[in-house]
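Quick note: the sequence shown uses the numbering used here, first residue 75, plus one each step.
Positions of the beta carbon are idealized from the N, C-alpha and C atoms, including for glycine.
Below is one structure; the comments refer to it alone.
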Amino acid sequence: MMQASMGVVDPYSQLPPELAVPAAASPSGTPDAADGVGALPEPEPSADEGAIGSAAILGEDGAEPGEAEPGGKAPAARPRLKVPRWEEAAREQTLAAVRKFAEPLRALLERDANEGDTRLLITDLLCEGLGYDKYADLTTEYMVRQDFADYGVRIDRQLVAFIEVKRISQKLNERHLRQVQMYAVNEGIEWMVLTNGQIWQVYHLTGGLPVVVDLVFEVDLLGPEPDESKASRLFYLHHDSLKRRQIEEVWRHSAATAPELLLEVILSEPVLDLVRREVRKRTGTATSTDVLRQVIRTDLAQPKLLDRISL
Numbered sequence: 075m076m077q078a079s080m081g082v083v084d085p086y087s088q089l090p091p092e093l094a095v096p097a098a099a100s101p102s103g104t105p106d107a108a109d110g111v112g113a114l115p116e117p118e119p120s121a122d123e124g125a126i127g128s129a130a131i132l133g134e135d136g137a138e139p140g141e142a143e144p145g146g147k148a149p150a151a152r153p154r155l156k157v158p159r160w161e162e163a164a165r166e167q168t169l170a171a172v173r174k175f176a177e178p179l180r181a182l183l184e185r186d187a188n189e190g191d192t193r194l195l196i197t198d199l200l201c202e203g204l205g206y207d208k209y210a211d212l213t214t215e216y217m218v219r220q221d222f223a224d225y226g227v228r229i230d231r232q233l234v235a236f237i238e239v240k241r242i243s244q245k246l247n248e249r250h251l252r253q254v255q256m257y258a259v260n261e262g263i264e265w266m267v268l269t270n271g272q273i274w275q276v277y278h279l280t281g282g283l284p285v286v287v288d289l290v291f292e293v294d295l296l297g298p299e300p301d302e303s304k305a306s307r308l309f310y311l312h313h314d315s316l317k318r319r320q321i322e323e324v325w326r327h328s329a330a331t332a333p334e335l336l337l338e339v340i341l342s343e344p345v346l347d348l349v350r351r352e353v354r355k356r357t358g359t360a361t362s363t364d365v366l367r368q369v370i371r372t373d374l375a376q377p378k379l380l381d382r383i384s385l
């Protein structure tokens, strides 16, 4: 995931394993209209939502850690949190769509289908696979000033995202991102999707001067990874998941672990001081944080990351 004032390059798309399991409560701090972007509508709680809105992200085994037992025994795992019925159904629907649309996508790619044909398939995928109502939730050729976005996406009648479509053989690039970014800025929308049918890139826009664009995740529906892995990410675009703002947790985690942010942490004085002490402990040689900073910047960090940090 990258941050930029005008576009994003070299996408960072690897989601952590814990975000592929049923999503947890979104922490406070959700952007709203006061921040310069439109926010998703507040989800209405329902009786079958289970742990959504209160539980922490599950561990690798799907169970929460328990308290230590007397005598130093290992803590007993608490029972697995029940997946809400709506989420189970949405995940199954998304996985079925990933499998169903693989062959039609390959057929489009083989004949180098135009953008119009690509858009027809995307409409089917959005409706059959991601739970959108063609008439209530999707507006094609959504007018933004003197231009038109391919799709405006509504949740409970509120515009929450734009989708920009390119022909299936077209490689997505920064110019395409700037196009959908312009729509989002003009309409105060925070979620943007760029796709050619095969590749789906989901971005978050934070308003301000300059605006910040984060690549939240990317999925290749014809890529080599398992269908379950593809569906676990595409699920966050499902109508029912987007309505409950689960994608915000994915975005916040991605933003917190962005390579440029981690590099800034590593180059900070407190961290470098710890490294300096560890170097002396291991080698018996004293050095300075300035020397360590220079070595990291020169020999370890990628130049493209150095261009995006302030240290």
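query                                                                                                             : result
Short Cβ contact (8 Å threshold) for His278 with Leu204                                                           : no
8 Å Cβ cutoff, Gly281 in contact with chain B                                                                     : The displayed structure is made up of one protein chain only, and chain B is not part of it.
Phe417 classed as buried or exposed, judged by whether at least 16 other C-beta atoms fall within 10 angstroms    : The chain is shown only over 75 to 385; residue 417 falls outside these bounds and no answer can be derived.
Spatial neighbours of Thr192 in its chain, beta-carbon cut-off 7 Å, leaving aside the 5 residues before and after : Leu182, Val239, Arg241, Ile242, Asn270, Gly271
Of the residues Phe222, Leu341, Leu289, Val259, the one placed nearest Leu283, counting alpha carbons only        : Val259
Reduced DSSP category for Asp373 - H, G, I as helix; E, B as strand; rest coil                                    : helix
Beta-carbon proximity check, Thr168 vs Leu308, cutoff 8 Å                                                         : yes
Ala187 - containing beta strand (DSSP E), residue span                                                            : Unbroken run through Ala187: none, as it is neither H nor E.
Where the alpha helix (DSSP H) containing Glu261 begins and where it ends                                         : 248 to 261
Separation of Val254 from Asn247, as counted between CA atoms                                                     : 11 Å
C-beta contact flag for Val218 and Leu316 at 8 Å                                                                  : no
Where the beta strand (DSSP E) containing Ile273 begins and where it ends                                         : 273 to 280
Rounded C-alpha distance that separates Arg180 from Ala170                                                        : 16 Å
Cβ neighbour criterion (16 or more within 10 Å) applied to Asp225                                                 : Checking the displayed sequence, the identity of residue 225 turns out to be Tyr instead of Asp. With 16 or more Cβ atoms within 10 Å of its Cβ, Tyr225 is classed as buried.
CB of Leu366 within 8 Å of CB of Pro333, strictly                                                                 : no
Local conformation of Glu302 per DSSP, three classes                                                              : helix
Nearest residue (CA-CA) to Leu341, options Phe222, Ile370, Thr280, Leu296                                         : Ile370
Beta-ladder partner(s) of Gly205, from DSSP                                                                       : Note: Gly205 sits in no beta bridge, so no partner.
Buried or exposed (CB count within 10 angstroms, at least 16 for buried), Glu299                                  : exposed
Among Ile321, Val172, His327, nearest to Gly297 - alpha-carbon criterion                                          : Val172
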